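Written out below as structure tokens is the structure these notes cover.
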Amino acid sequence: MPSTATREILVPRLSPTRSHLVPLITTAALVATVLAPWLAAHHPRVLVAAVAAIAALVVAAWLARRSAASDGAASDGAASAAPAVTVGSTLRSTVELALHLSPVLLLTVIFPIASVRISTASVGGADLSALLLASSLTVPWLSQAVCFPLYRAIGPLISDGDRFQIAARFCQVWPATFIQSAPVIVVFAIPVQIVMRWSPAALGTYVALCLLHMAFVQSLVPTNVGRRRVLWAAAWVGYAAALLLVPTWWFLPPLVGLATQLVPLRAHLARVGRPVWLDNRDLLSDLTRGVLLGGVLWSDKFFLYLRGSGQFDVSATFFAMLPAVLAYNYYFVRLAPAFDTSVGSLRAAMENSPYAVLADRSSRLSRTVQASISQTAVIGAGLCLAITVLVTQYTTYSAALVASVAVASWLFMMTTVLCYKLDYAGKTGLAQVYSAAHLVVCGGAFLLLPAGANLYGALLAFEALLFAAALRSCLNHWRSAEYTLFWRHATAW
Numbered sequence: 060m061p062s063t064a065t066r067e068i069l070v071p072r073l074s075p076t077r078s079h080l081v082p083l084i085t086t087a088a089l090v091a092t093v094l095a096p097w098l099a100a101h102h103p104r105v106l107v108a109a110v111a112a113i114a115a116l117v118v119a120a121w122l123a124r125r126s127a128a129s130d131g132a133a134s135d136g137a138a139s140a141a142p143a144v145t146v147g148s149t150l151r152s153t154v155e156l157a158l159h160l161s162p163v164l165l166l167t168v169i170f171p172i173a174s175v176r177i178s179t180a181s182v183g184g185a186d187l188s189a190l191l192l193a194s195s196l197t198v199p200w201l202s203q204a205v206c207f208p209l210y211r212a213i214g215p216l217i218s219d220g221d222r223f224q225i226a227a228r229f230c231q232v233w234p235a236t237f238i239q240s241a242p243v244i245v246v247f248a249i250p251v252q253i254v255m256r257w258s259p260a261a262l263g264t265y266v267a268l269c270l271l272h273m274a275f276v277q278s279l280v281p282t283n284v285g286r287r288r289v290l291w292a293a294a295w296v297g298y299a300a301a302l303l304l305v306p307t308w309w310f311l312p313p314l315v316g317l318a319t320q321l322v323p324l325r326a327h328l329a330r331v332g333r334p335v336w337l338d339n340r341d342l343l344s345d346l347t348r349g350v351l352l353g354g355v356l357w358s359d360k361f362f363l364y365l366r367g368s369g370q371f372d373v374s375a376t377f378f379a380m381l382p383a384v385l386a387y388n389y390y391f392v393r394l395a396p397a398f399d400t401s402v403g404s405l406r407a408a409m410e411n412s413p414y415a416v417l418a419d420r421s422s423r424l425s426r427t428v429q430a431s432i433s434q435t436a437v438i439g440a441g442l443c444l445a446i447t448v449l450v451t452q453y454t455t456y457s458a459a460l461v462a463s464v465a466v467a468s469w470l471f472m473m474t475t476v477l478c479y480k481l482d483y484a485g486k487t488g489l490a491q492v493y494s495a496a497h498l499v500v501c502g503g504a505f506l507l508l509p510a511g512a513n514l515y516g517a518l519l520a521f522e523a524l525l526f527a528a529a530l531r532s533c534l535n536h537w538r539s540a541e542y543t544l545f546w547r548h549a550t551a552w
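Position one of the sequence shown corresponds to residue 60 (my numbering), numbered consecutively onward.
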């Protein structure tokens, strides 16, 4: 693993050429995505030319990045001592990303196979497929809320990286936190029941699915904190295997996934009998933060399910979501660790380094924030264009729907990342204001407008303004990173 100094070299000052190229590529890819359905139908050669031009810009940006990295390493006198990129590090990062994406990859392949048998089953008079779809659209949003309190509980131990202590503390707080967090499911169950009008047995199955998946995703917290990608993938392999083998046993996949996480915690499970209860005010605050921040990326899919009473183009919608989901995971696997390292380096400088070193570390952290945002944006935008072009050429999906959902989801994903960075900087209230604004407008749009490409077009227009405001706030607060971190800790006292 590269040293801290090496990682800092990997974030060079952006050259004027590259600093303009990346936003240009991102914007061009998003515009081309929106226009792709029309161009494919009326001017296919123009679409090919647009894709080729964007590809040329990507190559130019890549060359500019390599040049800037080489210049930065040479100026620091570290080019020969610590090469920025090696085949081994690239392969390791690629494997880590693939392992982290295992739930997306596995379920994309297995769920269509399992759905053939699921479609013939019912529970309490409701189709099992409708219940599973409802829970699958609830859990990503729900998980953001119910995992926040656990991250707070083990937060002071994360920087030390002691997996034994983290696991011990987790087992202390997990049972009580599960009980304390469970009532948040009511927030989702009430609108689902109002729309779907399920029988008590069917509603109970939906709630049970949420509870089982809640236990499963909470059990993944120590694995995620420890960046244990193989254990993470093992959980999802077990989940997917249960879904494939006995798809009508709706309770089994999360239980199998949960079991894979209990094995490495077995030395600490005795602590489960001596639970520690979290402060109710802190817990409520964390649940609220999670519901608001998680809702930016996931609420529209939940609302889409309710708007159509469970009926909508599931395949096209999930296909359109992939660029945002992939870019979101790329950020947390490949970019967030460098951000954490840079924050740690600045904190160390704040304690015992002269001002010149502090100013340099602060500048590096600010550039790391900018780079992580721009890289996430351009990767997501490129995937949006690729997915939409594939749809226009090789599928029968509505290209207009896929394009609008893809670009809107890109905006939701980017706003989510920005809100997390604002929240980390101590601007929790501002992050929640942006998130709440998204929820209000998104909920209103699904109440007032018919579901489809036009609805997502309207959301896209609003979210573009929200994204611009959140981006400006984020960059302003991280421009002087040392003051941001100082006030974050000062207000925490």
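C-beta: ideal position from N, C-alpha, C; glycine also.
Small disclaimer: the values here were computed from a predicted structure and weren't measured.
Residue interval of the alpha helix (DSSP H) (run including R426): Sequence index remark: in the sequence shown, residue 426 carries index 367 (1-based). Run containing R426: Y414 to Y453, per the alpha helix (DSSP H) assignment.
I need the DSSP call for A185, collapsed to helix, strand or coil. Stepping through the sequence shown from its first residue, residue 185 is reached at position 126. Strand at A185.
Which residue wins for smallest C-alpha separation from A418, given the options V198, T149 and R538? Position 359 of the sequence shown, counted from the first residue, corresponds to residue 418. Here the closest residue by C-alpha is R538.
Alpha-carbon spacing of S152 relative to Y389, whole angstroms: Taking the sequence shown and counting its residues from 1, the one referred to as residue 152 is at position 93. Taking the sequence shown and counting its residues from 1, the one referred to as residue 389 is at position 330. Those two C-alpha atoms are separated by around 10 Å.
With the cut-off set at 8 Å, would you say L303 and A173 are in Cβ contact? Here residue 303 refers to the residue found at position 244 when the sequence shown is read from its first residue. Here residue 173 refers to the residue found at position 114 when the sequence shown is read from its first residue. Cβ atoms of L303 and A173: closer than 8 Å.
Burial state of H272 (16 or more Cβ within 10 Å): Reading the sequence shown from its first residue, position 213 is the one you call residue 272. Result: buried.
Cβ of S278 within 8 Å of Cβ of Q252? Numbered from its first residue, the sequence shown carries residue 278 at position 219. Numbered from its first residue, the sequence shown carries residue 252 at position 193. In this structure, Q252 does not lie closer than 8 Å to S278 by Cβ.
Taking buried to mean at least 16 other C-beta atoms within 10 Å of its own C-beta, is Y414 buried or exposed? Locating residue 414 in the sequence shown gives position 355, where the first residue counts as 1. Counting of Cβ neighbours within 10 angstroms places Y414 among the exposed residues, the total staying below 16.
Which value, in whole angstroms, describes the spacing of the CA atoms of V205 and T347? What you label residue 205 is simply residue 146 of the sequence shown in a count that begins at 1. What you label residue 347 is simply residue 288 of the sequence shown in a count that begins at 1. When rounded, the distance between both Cα atoms is 10 Å.
Since P382 contacts I432 with CB under 8 Å, what's their CB separation in whole angstroms? For the purposes of this step, residue 382 is identified with residue 323 of the sequence shown, where counting begins at 1. For the purposes of this step, residue 432 is identified with residue 373 of the sequence shown, where counting begins at 1. For P382 against I432, the beta-carbon gap comes to about 16 Å, at or over 8 Å, which does not count as contact.
Between the C-alpha atoms of G136 and F170, what's the straight-line distance to the nearest angstrom? The residue given as residue 136 occupies position 77 in the sequence shown. The residue given as residue 170 occupies position 111 in the sequence shown. Legend: pLDDT at G136 = 44, less than 50; position of this residue unreliable, value from coordinates given subsequently. Cα to Cα, the separation comes out at about 52 Å.
Enumerate in chain order the residues of its own chain whose CB-to-CB distance from A299 is below 7 Å, with the five nearest sequence positions on each side excluded. One-based indexing of the sequence shown puts residue 299 at position 240. Cβ within range, chain order: L165, L166 and I169.
Boundaries of the alpha helix (DSSP H) in which T376 is found, first to last residue: As a position in the sequence shown, residue 376 is number 317, starting the count at 1. Its alpha helix (DSSP H) spans residues V373 to Y389.
Quick one: what does DSSP say P171 is sitting in, helix, strand or coil? Position 112 of the sequence shown, counted from the first residue, corresponds to residue 171. P171 falls in the helix class under three-state DSSP.
Can you tell which of Q491, V322 and A459 has the C-alpha that lies nearest to the C-alpha of A512? Indexing the sequence shown from 1 puts residue 512 at position 453. Here the closest residue by C-alpha is A459.
Thinking C-alpha only, which one of R420, M380 and L385 is nearest F398? Start at 1 with the first residue of the sequence shown, and residue 398 comes out as number 339. If we check each option's Cα against that of F398, R420 comes out closest.
With distances taken Cα to Cα, identify the nearest neighbour of L209 among P281, R222 and S188. In the sequence shown, counting from the first residue as 1, residue 209 sits at position 150. Among P281, R222 and S188, the Cα nearest to that of L209 belongs to P281.
What whole-angstrom Cβ distance do V392 and L150 have, given they're in contact under 8 Å? Mapped onto the sequence shown, residue 392 falls at position 333. Mapped onto the sequence shown, residue 150 falls at position 91. 14 Å between Cβ atoms; not a contact.
When you compare only the Cα positions, how much space is there between A235 and L506? Sequence index remark: in the sequence shown, residue 235 carries index 176 (1-based). Sequence index remark: in the sequence shown, residue 506 carries index 447 (1-based). A235 and L506 have their C-alpha atoms roughly 37 Å apart.
Where L489 and L80 are concerned, what is the direct C-alpha to C-alpha distance, given to the nearest angstrom? If you number the sequence shown from 1, residue 489 lands on position 430. If you number the sequence shown from 1, residue 80 lands on position 21. Rounded to the nearest angstrom, the two C-alpha atoms are 30 Å apart.
Rounding to the nearest angstrom, what Cα-Cα distance links G439 and T197 in this structure? As a first step, residue 439 is located in the sequence shown; it is residue number 380 there, counting from the start. As a first step, residue 197 is located in the sequence shown; it is residue number 138 there, counting from the start. Rounded to the nearest angstrom, the two C-alpha atoms are 23 Å apart.
Beta carbon proximity, S368 to chain D, threshold 8 Å: Looking at the structure shown, chain D is missing, and only one protein chain is on hand.
Going by DSSP in three states, D482 sits in which element: helix, strand or coil? If you number the sequence shown from 1, residue 482 lands on position 423. Residue state, collapsed to three classes: helix.
Below 8 Å, can you find three or more Cβ-Cβ pairs linking the segment 398–413 to the segment 513–528? no
With C-beta atoms as the reference, is H327 less than 8 Å away from A212? Residue mapping note: residue 327 aligns to position 268 of the sequence shown, counting from 1. Residue mapping note: residue 212 aligns to position 153 of the sequence shown, counting from 1. The answer is no: Cβ separation not under 8 Å.
Tell whether a beta-carbon distance below 8 Å holds between W357 and W121. As a first step, residue 357 must be located in the sequence shown, where it is residue number 298. As a first step, residue 121 must be located in the sequence shown, where it is residue number 62. Cβ atoms of W357 and W121: not closer than 8 Å.
Do V232 and V335 have their C-beta atoms closer together than 8 Å? Residue mapping note: residue 232 aligns to position 173 of the sequence shown, counting from 1. Residue mapping note: residue 335 aligns to position 276 of the sequence shown, counting from 1. In this structure, V335 lies closer than 8 Å to V232 by Cβ.
Would you identify the three-state DSSP class for A8, choosing helix, strand or coil? Residue coverage of the chain in this structure runs from 60 to 552, which leaves residue 8 outside it and unanswerable.
I'd like to check one pair, V305 with F471: are the Cβ atoms closer than 8 Å? What you label residue 471 is simply residue 412 of the sequence shown in a count that begins at 1. What you label residue 305 is simply residue 246 of the sequence shown in a count that begins at 1. No, these two residues do not count as a Cβ contact at 8 Å.
What do you reckon, are the CB atoms on Q510 and G367 nearer than 8 Å? Mapped onto the sequence shown, residue 510 falls at position 451. Mapped onto the sequence shown, residue 367 falls at position 308. Here residue 510 turns out to be Ala, not Gln, going by the sequence shown. A contact, by the Cβ cut-off of 8 Å.
Taking T451 as the reference, give the member of F377, A484, A100 and F526 with the closest Cα. Numbered from 1 along the sequence shown, position 392 holds the residue referred to as residue 451. If we check each option's Cα against that of T451, A100 comes out closest.
So T435 packs on S401, CB below 8 Å; how close in whole Å? Here residue 435 refers to the residue found at position 376 when the sequence shown is read from its first residue. Here residue 401 refers to the residue found at position 342 when the sequence shown is read from its first residue. Their Cβ separation, rounded to whole angstroms, is 16 Å, which puts T435 and S401 out of contact at 8 Å.
Could you name the residues of the same chain whose beta carbon sits closer than 6 Å to that of L508, not counting the 5 residues immediately before and after it, in chain order? Within the sequence shown, the letter at position 449 stands for residue 508. Excluding residues within five positions, the ones whose Cβ falls inside 6 Å are L514.
Give the range of the alpha helix (DSSP H) segment to which W233 is assigned. In the sequence shown, residue 233 corresponds to position 174, counting from 1. Per DSSP, W233 belongs to the alpha helix (DSSP H) from R222 to S240.
Do you know how far the Cα of D359 is from the Cα of A260? The residue labelled residue 260 in the question sits at position 201 within the sequence shown. The residue labelled residue 359 in the question sits at position 300 within the sequence shown. Rounded to the nearest whole angstrom, the C-alpha separation of A260 and D359 is 27 Å.
Check whether the Cβ atoms of P215 and L365 sit closer than 8 Å, and answer yes or no. The count along the sequence shown starts at 1 and reaches residue 215 at position 156. The count along the sequence shown starts at 1 and reaches residue 365 at position 306. Cβ atoms of P215 and L365: not closer than 8 Å.
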